[in-house]
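Below you'll find the structure, written out as structure tokens, and then a few comments.
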Amino acid sequence: MTGTGIFLINLDKIIKKVQMEKELEKAAERIALMIEGEAKKICPVRTGRLRASIHTGKIEDGVYYVGTNVHYAPYVEFGTRKMAAQPYLRPAAKKVVGLVKMKGIKAFIG
684 MTGTGIFLIN
694 LDKIIKKVQM
704 EKELEKAAER
714 IALMIEGEAK
724 KICPVRTGRL
734 RASIHTGKIE
744 DGVYYVGTNV
754 HYAPYVEFGT
764 RKMAAQPYLR
774 PAAKKVVGLV
784 KMKGIKAFIG
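Right, here's the structure in full:
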């Protein structure tokens with residue numbers, strides 16, 4: 684018999700890999716949203732503008748950021764010569780990453 688065809692070798696492994704990538708993507712988003720929520724909890728509040736501006740965004744598959752576009756956010760996070768730092772992003776990330784390490788990534792999949 685003549686013709687053209689393809690061989691589907693290890694198709695089950697490919698399907699499992701794609702499914703795992705989708706699950707890891709969901710876990711990455713879930714973890715980023717947890718960091719956002721924690722940052723909003725511990726963010727110092729004067730007017731509420733900084734806390735309201737904290738958001739999560741997707742950069743590319745599996746890569747997310749948590750941040751704010753408020754111009755004074757770095758001064759609050761890191762402080763100045765005349766103002767003590769009131770960190771909210773770094774402690775939030777540290778807490779959530781610690782939780783992920785403790786529970787394992789599988790706890791955040793699915």
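Using the working numbering, you'd call the opening residue of the sequence shown number 684 and step up by one each time.
Even for Gly, the Cβ is constructed at its ideal location relative to N, Cα and C.
Beta-carbon contacts of residue i that lie in its chain and below 6 angstroms, excluding the five residues immediately before and after
i      : result
Lys778 : Glu721
His754 : none
Ile792 : Glu706 and Ala710
Inter-residue Cα distance where the pair is residue i and residue j
i      : j      : result
Ala776 : Ala768 : 16 angstroms
Tyr747 : Arg764 : 31 angstroms
Pro774 : Asn693 : 44 angstroms
Ala735 : Val749 : 13 angstroms
Glu708 : Gly745 : 5 angstroms
Leu782 : Met766 : 31 angstroms
Val780 : Gly762 : 23 angstroms
Nearest candidate by alpha-carbon position, reference residue i, set the options
i      : options                           : result
Pro770 : Ala711, Lys709 and Lys724         : Lys724
Leu772 : Gly762, Leu707 and Glu719         : Glu719
Asn752 : Ile737, Ile792, Gly762 and Gly745 : Ile737
Cut-off 7 angstroms between Cβ atoms - residues of its own chain near residue i, not counting five sequence neighbours on either side
i      : result
Ala711 : Gly745 and Tyr747
Cys726 : Leu733, Arg734, Ile737 and Tyr771
8 angstroms Cβ shell around residue i - same chain, five flanking residues per side excluded
i      : result
Ile788 : Leu707 and Ala710
When the Cβ atoms of the stretch 730 to 746 are set against those of the stretch 712 to 722, are three or more pairs found closer than 8 angstroms?
yes
Quick check: the stretch 719 to 738 against the stretch 691 to 702, are there 3 or more CB pairs under 8 angstroms?
no
Three or more C-beta pairs closer than 8 angstroms, one from the stretch 758 to 766 and one from the stretch 701 to 708: is that the case here?
no
Identify every run of the beta strand (DSSP E) within the stretch 693 to 769, keeping only runs that are complete inside it and at least 3 residues long; order them along the chain.
738 to 743 and 746 to 750
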